[in-house]
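Each residue of the first sequence is one higher than the last, beginning at 419 in the numbering used here.
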Amino acid sequence: MDTDSHVYLPPPSYLYIRDQKGLREAVDALKGHTVLAVDTETSGLSPHHDALFLVQIAAGDLAYVFDVRSLVDLSPLKEVLEDSMVTKVLQNAKFDYKMLKQLAGITLNNMFCTMLAERVLTTGITPRPSTSLVALVKKYLGVTLLKEVRASFHDKGAYRGEFGDAELEYAANDALVLVPIAESQMQELMDVGLLPTATLEFSTLPVVGDMELTGCRIDQKMWEETIDKIAHDREQASVQVLKQMANVVPQNSLFGLPVVNIGSHSQVLTTLLKMGVRESSGEPIKDTSEDTLSRVAKKHSVCETLLQYRALDKLVSAYGTSFLNKVDKGTGRLHANFNQLRADTGRSSSSGPNLQQIPSFTYPKNFDEYVLAEGYKARYEFTDDEGKLKTVTVADLRKCFIPTEGYKYVGADYSQQELRVLADASDDPIFMKAYLNNEDIHTNTAAMIYDVAVSAVTKSQRRVAKTLNFALIYGAGAWKIAQTLGIEEDEAEKLIAKYFRIYSNVKAFMAAKAAFAIKNGYSLTVNGRRRYYKMPNPTEATYKQDVGKIKRQAANGYIQGSSADVTKLALVYTHDFIREKKLDSKIIMVVHDEIITETRADQADEMARGLEDCMVRGFSYFFKKVPMLVDASISDFWTKD
DNA sequence: GGGCCGAGCCAC
DNA sequence: AAACGTGGCTCGGCCC
């Protein structure tokens, strides 16, 4: 039995505009409206390779469907679409923003994105509610958009013929439904205090759109050479691993190497167990994770080699051919996606490829300990612990990200963004004093934990303090701290106790955030951003774990989420700065606490000062007590500092 | 052969 | 008894 009764949208009122005269009249009719819905229909998803077919603009109950293919000059549309007094309502506004900017030279402003608004309203709800137009129409208007007709429209590919009535009607409806949805969302946003969050997201939207349009340039030759070298070393590591396994597994007669897939965790585990790999306790190992293998690597050298292989394999598989294939053939640049509100904390994410996870280490990982890197890659000689002379390949993929000739990367990251957020928000006098006096926070922490003078803090004491500072904002317990530092659990317990005796306000702050979330079912950031939690059932066996997890998420959520608020505001300030100063500069990347621009060389200094100022202001807007440090760098490639 | 998922590992 | 937050990508292994 079909219990799903649908109410469908009535046929829309719309005007199909195919000539300049019609366009002129339509624009004049649209003037005076303070809210317009906007949608586009295109031949595909790429602003660099696909075509714009239709632009739909709805005012009240009437939609105008502009057939871009038969309009020579779209500039009259700017009179309404670029008018900052007019609110433009769009679903997934970033898409239309990019298409209109790239293919029609129209730069939308003052946007209300129904998709982002929905995400803001429902962050954390499980399962994650759909933010598709179909879902929103159903939720807010109680009616069903016919997917089939919409799909037929979008499946036209490089369609150049006439659009049928059904297609035009649905194109019109896609715009007509938006304002009523936005009005409902607006009411909800105001009711729950989420308007500042939505506003910040809407302001960030064109920044992210421009970033995606711009993309970034890769030195492909350098990249390939780097990967080739790593692949060569990977093969050597793989042969070495297989040789070490040769005694316990069947061998391939031709090469005398074992028949085991080194990439298969289950096969590797089985093999290692056959080889007698044990924990120091004598227990057989349970998995082949990095943690496990590094624990037993001293005793079982095959594990050491395997770890080397893994690191190399990760680099080759994730950053080899598949990565370079993502460079756009037309623009010659890498146009990654940035999802500005993917994480439930409010953080952005990146995909296709993920530019927020490009390795930041030189290969081999401990290279910095031996040589100060000079150039992007080379073979270097060094002396190992036993005094033997060895050669290593040095690779740094970030250095393959390069600006166009005549341009520089001007980039900056926040100095300890999350810890400063914590210091300010917790009002912890000790924590804040360290930052106010511009002291090294980790050294300071170490001095107090070990009861020694700041000048007497050893490297290892500072390392412990640094671990504590970071681990505790994630809510790590004694067990995890002990694991990380390689110490006994009771010792870790003492360190944590001492830490929270010193930073007592931090402890109280974290506890308060946790308690708030358990009481209210959501946590908040400094900008009022919400993250909802599924409240655990007290009768469930996992109740205690679930509550513990929410407490950690809520405390961390404030810190991570507020940091995301800070970075987004900084992005908006920076975007505005570039526009106001009319600089030849583009924001090309954001990696949580880092912003990188590609700037014409002669303007790099001005951009650097401006970027620092924008980022500091982004932080200080929310956090007034603790000072922020931002030190911009100007360079010919993506640097770590 | 495609979809899904967990393991493992990259980033902050 | 559990045990550190947020993501995305690739792989093997499993399913249909």
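Backbone N, C-alpha and C fix where the C-beta goes; we use that ideal spot for every residue, glycine too.
Just so it is clear, the structure is predicted and the values come from calculations on it, not from any experiment.
Give me the Cβ distance between residue i and residue j, rounded to the nearest whole Å; I'm assuming they're in contact under 8 Å.
i	j	result
alanine 655	leucine 730	6 Å
glutamate 1024	leucine 1047	Not a contact, Cβ separation roughly 20 Å.
alanine 1050	alanine 1019	Not confirmed; about 15 Å, so no contact.
threonine 532	threonine 452	At roughly 17 Å, the Cβ-Cβ gap does not stay under 8 Å, so threonine 532 and threonine 452 are not in contact.
glutamate 596	alanine 736	Checking the sequence, you will find leucine at residue 596 rather than glutamate. 39 Å between Cβ atoms; not a contact.
valine 745	isoleucine 636	6 Å
leucine 815	proline 777	5 Å
isoleucine 1014	isoleucine 1006	6 Å
serine 941	glycine 975	5 Å
Which of helix, strand or coil does DSSP assign to residue i?
i	result
lysine 744	coil
arginine 728	helix
aspartate 908	helix
lysine 937	helix
lysine 931	helix
glycine 793	In this prediction, glycine 793 scores a pLDDT of 33, lower than 50, which makes its location untrustworthy; the coordinate-derived value is nonetheless stated afterwards. Three-state result, glycine 793: coil.
serine 602	helix
threonine 562	strand
valine 839	helix
arginine 948	strand
alanine 590	helix
isoleucine 1052	strand
serine 1003	strand
arginine 546	coil
arginine 1018	strand
leucine 427	coil
valine 875	coil
aspartate 1031	helix
methionine 1046	coil
threonine 1057	coil
tyrosine 1039	helix
lysine 884	helix
methionine 953	coil
glycine 611	coil
tyrosine 369	Residue 369 lies beyond the stretch modelled for the chain, which goes from 419 to 1059, so this question has no answer here.
tyrosine 1060	Residue 1060 is absent from the model: the chain starts at 419 and stops at 1059.
histidine 467	coil
alanine 761	coil
aspartate 709	helix
tyrosine 961	helix
histidine 993	helix
Taking the DSSP output, what are the residues bridged to residue i?
i	result
glutamine 474	Asp457 and Val483
isoleucine 867	Answer is none; isoleucine 867 lacks a bridge partner.
alanine 389	Absent from the structure is residue 389, since the part of the chain shown begins at 419 and ends at 1059.
proline 702	Arg696
valine 769	Note on identity: in this sequence residue 769 is serine, with valine being the wrong assignment. Serine 769 is bridged to Asn755.
phenylalanine 819	Ile636
leucine 433	Tyr482
valine 1008	Ile1013
leucine 942	Arg948
tyrosine 825	Arg1018
Once the 5 residues before and after residue i are set aside, which same chain residues still bring their CB inside 7 Å of it?
i	result
aspartate 726	For the sequence presented, residue 726 should be read as glutamine rather than aspartate. Result list for glutamine 726: Ala655, in chain order.
tryptophan 897	Glu907
glutamate 697	Ile703, Arg713 and Val714
lysine 884	His860
leucine 470	Thr458, Thr460, Val486, Met517, Leu521 and Ala522
glycine 824	Arg1018 and Ala1019
arginine 436	Asp485 and Ser488
Near residue i, which residues of its chain fall below 6 Å by C-beta distance, leaving aside the five closest residues on each side in sequence?
i	result
glutamate 497	Val445
valine 839	Ile977, Ser980 and Ser981
phenylalanine 1041	Asp842
threonine 710	Ile703
glutamine 603	Ala535
Here's a check: name, in chain order, each residue in its chain whose Cβ is nearer than 8 Å to the Cβ of residue i, leaving out the five neighbours to either side.
i	result
proline 429	Glu587
threonine 622	Gln758, Lys986, Leu989 and Val990
glutamine 1022	Here the sequence assigns alanine to residue 1022, which means glutamine is not the residue at that position. For alanine 1022, where only same-chain residues beyond five positions count, the Cβ hits under 8 Å are Lys826, Val828 and Ile1052.
glutamate 1030	Ala830, Val1048, Asp1049 and Ala1050
lysine 449	Glu497 and Val498
glutamate 630	Lys512, Lys516, His753, Ala754, Asn755 and Phe756
Legend entry - alpha helix (DSSP H) runs contained entirely in the segment 620 to 688, provided each spans 4 or more residues: 638 to 663
Quick one: which unbroken alpha helix (DSSP H) runs of 4-plus residues sit fully inside the segment 482 to 542? Chain order, please. 496 to 499, 511 to 522 and 532 to 540
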